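Worksheet: one structure, shown below.
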Amino acid sequence: MPGDESQKKHFSMVRTVTLVVVLLFAFFLTENLIVYSYKYNNALSTNNFGLKKKTEYLTYQYVNYLKNISKFNIIDFQNYITDNAFGEVFLLKENGKNGFKIEASSDKSLVGKDYEDKSCGDIYSHDFQKDYFKAEILPENSAKVCMFVAVNDYILGFKAHIDQRITGTSDEFYFQWLMKNMTVTLILSSIGLFLGLAVCLWFVFKYLNIKFDYLKVKEESTTKIAQLQEKLYIDPMTGLFNKAALIKDVSEYKYPKVILMDIDDFGKMNDYYGKYVCDQILKQMANLIKEFAKNENMKAYCIEADRFALVEDNNDFIDRYEELAENLLDIFKGRMLSIKDENGVEVDDIEIHNTIGFALDSDQTLRKA
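Its first residue numbered 19, the sequence shown is counted upward by one per residue in our numbering.
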């Protein structure tokens, strides 16, 4: 039925779409977990050094040189950072105008100028009772770090892009690292997911529509074939199998046995009672023969206007068929029928006489048919 077909199609589409979504989402999760695992393992610090500790280590190398080696000799310190500085190093001193003057720098062109770099944040309002530290996490396990340390009357500043490692999920920069390193991956994989979903759904709907169109055509074809077979093998008057069906079945049976029954003088009856009444006689006879065939597990055929056949695939002895013929004679010999004609008038006492014969081997049954 159309409603059932529509419901079946809807259910099939929902099931298929759900499966596609689940598979794509599972692939999306697996892909991102693999990328995350790879990046996380590469980002783990092997010596438990966090970002701040590493920045302190680098910064205090310059602090140590300034205090303990150059003994605050600015020229010596300038030469050292010019030749050896990693990143940018500044030696600042208050300029009396709420700012700092650059006393030494890894970039010698800045010496003597006011420090105006804002990329490290507001160091001017910082209380240098403790070190100033700022970090910006960058993709691919790198970070931009700034540290400013009070050294006597000076402020030593260090700014650089350094390799960044985290100590684990409890690291203070873990979520920044996660956002910087996984955001692009998540965005690209999400775009891939939706594009893949769109393409897959397009193919799924196209496939399902083709499939259901095919099934519909197949069902219609099966129905038409069944209707054609019915027309080919069914006698339209009696509803019994016809002569073509008999020939087909007999040729396929291994031990075909055929009982033939003719209505005697049917042509004269047709002339006397008329075609309509005789058609009704044939229908009643067909019903009786059909019932007899059913009881005996046989197939009934109408092979000519006044000839019927009963067939089975059986290797029984002739006794069975002699007995069947006698039973048929008992039922039909001299049978009296009452038929209403086309005007509804009852035609009584129509006596039917039959001739019965049988064929018990393949060649004979085919000739009889």
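Glycine included, C-beta positions come from ideal geometry on N, C-alpha and C.
Predicted model, so just to flag it, every value in this text is computed and none were measured.
Can you tell me whether ASP181 sits near the ligand PLP, meaning its C-beta is under 7 Å from at least one heavy atom of the ligand?
Among the components of this structure there are no ligands whatsoever, and the ligand PLP is therefore not found.
If you reduce the DSSP assignment to three classes, tell me which class THR256 lands in.
Numbered from its first residue, the sequence shown carries residue 256 at position 238. Residue state, collapsed to three classes: coil.
Quick check on the burial criterion: 16 or more other C-beta atoms within 10 angstroms. Buried or exposed for PHE202?
Residue 202 sits at position 184 when you count from the first residue of the sequence shown. First, the residue type needs correcting, since residue 202 is Val and not Phe in the sequence shown. The residue is exposed, with fewer than 16 neighbouring Cβ atoms inside 10 Å.
Please work out which residues of its chain come closer than 7 Å, Cβ to Cβ, to ASN60, disregarding the five sequence neighbours upstream and downstream, and give them in chain order.
Translated into positions along the sequence shown, residue 60 becomes position 42. ASN159, listed in sequence order.
Is the CB-CB distance between PHE118 and ALA178 below 8 Å?
If you number the sequence shown from 1, residue 118 lands on position 100. If you number the sequence shown from 1, residue 178 lands on position 160. In this structure, ALA178 does not lie closer than 8 Å to PHE118 by Cβ.
Since LYS275 sits in a beta bridge, which residues does DSSP pair it with?
For this step, residue 275 is matched to residue 257 along the sequence shown. In DSSP, LYS275 forms a bridge with GLU330.
Indicate whether the contact test is met: 3 or more Cβ pairs, each with one atom in the region 211-224 and one in the region 41-54, closer than 8 Å.
Segment contact: the region 211-224 against the region 41-54, three or more CB-CB distances shorter than 8 Å; contact assigned.
Find the nearest neighbour of LYS72 within the set ARG353, PHE151, SER239 and CYS296, judged by alpha-carbon distance.
The residue given as residue 72 occupies position 54 in the sequence shown. Closest by alpha carbon: PHE151.
Return the chain-ordered ranges of every beta strand (DSSP E) run that is complete within the region 62-113 and spans a minimum of 3 residues.
106-112
Measure the alpha-carbon distance for GLY375 versus GLU270 and round it to whole angstroms.
Residue numbering aside, residue 375 sits at position 357 when the sequence shown is read from its first letter. Residue numbering aside, residue 270 sits at position 252 when the sequence shown is read from its first letter. Looking at the two C-alpha atoms, the distance is approximately 22 Å.
What are the boundary residues of the alpha helix (DSSP H) that includes THR241?
Within the sequence shown, residue 241 is the residue found at index 223, counting from 1. Per DSSP, the unbroken alpha helix (DSSP H) holding THR241 starts and ends at 192-251.
Assuming PHE176 contacts ASP149 (C-beta within less than 8 Å), just tell me the rounded distance between them.
As a working mapping, residue 176 is identified with position 158 in the sequence shown. As a working mapping, residue 149 is identified with position 131 in the sequence shown. That pair is no contact at about 10 Å.
Between which residues of its own chain and ASP406 is the CB-CB distance below 8 Å, once the five residues before and five after are set aside?
Residue 406 is absent from the structure shown; the chain starts at 19 and stops at 387.
If you draw a straight line from the alpha carbon of GLU360 to that of PHE335, how long is it in whole angstroms?
Stepping through the sequence shown from its first residue, residue 360 is reached at position 342. Stepping through the sequence shown from its first residue, residue 335 is reached at position 317. Rounded to whole angstroms, GLU360 to PHE335 spans 46 Å at the Cα level.
If we ignore side chains and look at the alpha-carbon of each, how far apart do ASN260 and ASP297 end up?
As a working mapping, residue 260 is identified with position 242 in the sequence shown. As a working mapping, residue 297 is identified with position 279 in the sequence shown. Roughly 16 Å separates the two Cα atoms.
Counting pairs of beta carbons, one from the region 329-349 and one from the region 272-282, are three or more of them closer than 8 Å?
yes
Assuming ILE349 and LEU264 make a contact with CB atoms under 8 Å, what is their CB distance in whole Å?
Position 331 of the sequence shown, counted from the first residue, corresponds to residue 349. Position 246 of the sequence shown, counted from the first residue, corresponds to residue 264. 21 Å between Cβ atoms; not a contact.
Which class does MET31 belong to by DSSP, given the choice of helix, strand or coil?
Against the sequence shown, residue 31 aligns to sequence position 13. Three-state DSSP puts MET31 in a helix.
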